[in-house]
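Beneath this line is the structure, given in structure tokens, with notes to follow.
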Amino acid sequence: MDDQPRLMHAHAAVGMSGHPGLSQHIQDNTGATDGDGRKQDIGDILQQIMTITDQSLDEAQARKHALNCHRMKPALFNVLCDVKEKTVLSIRGAQEEESPDAQLMRLDNMLLAEGVSGPEKGGGAAAAAAAAAASAGVGADNATEHSDYRAKLTQIRQIYHTELEKYEQACNEFTTHVMNLLREQSRTRPISPKEIERMVNIIHRKFSSIQMQLKQSTCEAFMILRSRFLDARRKRRNFNKQATEILNEYFYSHLSNPYPSEEAKEELAKKCSITMSQHGTTCLLVSNWFGNKRIRYKKNIGKFQEEANIYAARTAVSAASVSAHGSQTNSPSTPNSAADVTLWEMSFVSK
DNA sequence: GAAAATGATTAAAC
DNA sequence: GTTTAATCATTTTC
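Per my numbering, the very first residue in the first sequence carries number 664; after that it's consecutive.
If you want it as structure tokens, here you go:
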């Protein structure tokens, strides 16, 4: 501890000779002329600053006040700020990397597009829900699922906004607190406004990285919600009995070639009151049904034999009644009897 | 509650 | 683009 005064004098001397701006500052701020007197002044100030922590609170307060009023104080602080700026802060400044704005923008855009953030609900959220409901292609009870979806979306929005607000408030409070602290400290140690600004930036970056995490998890929550809602497999509905009968009737009466054309599919979909798929011009549901039926029939003809006989008999009866009335055939192709081995069946029965 | 049935999805082949 | 074959996920049946 005995070294301190010597050290401070040495510092002051180095400051004088090593920093070209110091004498200038002092000239500017004090107008002093006596070189030795100035050295003595600076040495005194520095010594007082360094020993201030060793003193009692009252003493220190008094000393702080005296220092603040010292005529050399502004000049000395300016120089020290300059030195700090040119060494530590400039190095640190150079190392500061670019903030990941791109990702933040991506998240912001997504939240905006999905209606989680932004002005008010009704835009993206409703559109997404409507699209989801439409592509799910369901009928009766989609209203409840729809509102369920909307309620959950609102919940996500609410959590997001309250959390965001909390973070913003905390950020502001913390920034104000730190700024006040630094301003207060700048009375006793050299802190430039630039340094305060830099500190504020650091705080903002930290908080915005937290906000980014919030945005990320909100996006994830929304994606999960939507995928649940959109996943058609989760909301599979069996066709009603009538629809199944219509499809089976077509299938067994076209066993030689159970591949309905686009028109036939649309016709069948209409007959079965199946809403058209959003995926294209074909009725995907009918295509799915025929795809499944073909493969399952082919895999186990025996199991479907009884069903085949029933439908064959039914079509035979209707064909007979039609011919009995002398009408023309209203079927695009000749119905097959279940006993017949059809062309289509031939292709896989004979391996 | 397990098994069967069934609609949807997928990759691969055409 | 469609179809097949395998598979998944749900609903229905027992």
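Ideal placement from N, C-alpha and C gives every residue a C-beta, glycine not left out.
Taking C-beta atoms under 8 angstroms as the contact rule, LEU877 and ILE819 fail to qualify, at a distance of about 11 angstroms. In terms of Cβ geometry, LEU739 and ILE715 do not form a close pair [threshold 8 angstroms]. ALA729 and GLN718 have their C-alpha atoms roughly 14 angstroms apart.
Counting of Cβ neighbours within 10 angstroms places ASP704 among the buried residues, the total reaching 16 or more.
Here ALA971 is buried, its C-beta having at least 16 other C-beta atoms within 10 Å. With contacts defined by Cβ atoms closer than 8 angstroms, PHE870 and TYR830 form a contacting pair.
Following the DSSP letters along the chain, one finds HIS917 in no alpha helix (DSSP H), marked with neither H nor E.
Taking one beta carbon from each stretch, the region 972-987 and the region 951-958 have fewer than 3 pairs nearer than 8 angstroms; the two do not touch. Looking from the CA of GLN766, the closest CA among ILE937, SER872, GLU826 and TYR922 belongs to SER872. The Cβ atoms of LEU774 and MET875 do not sit closer than 8 angstroms to each other.
Considering only SER880, TYR915, GLU828 and GLY778, the residue with the shortest C-alpha distance to ALA979 is TYR915.
Note on geometry: alpha-carbon atoms of GLN832 and VAL841 lie some 14 angstroms from one another. ILE964 sits in a helix when the DSSP states are folded into three classes. Secondary structure within the region 836-892: not one fully enclosed alpha helix (DSSP H) run of 4 or more consecutive residues is present.
The closest CA to that of GLY965, considering only LYS736, GLU847, PHE902 and GLU1008, is found on GLU1008.
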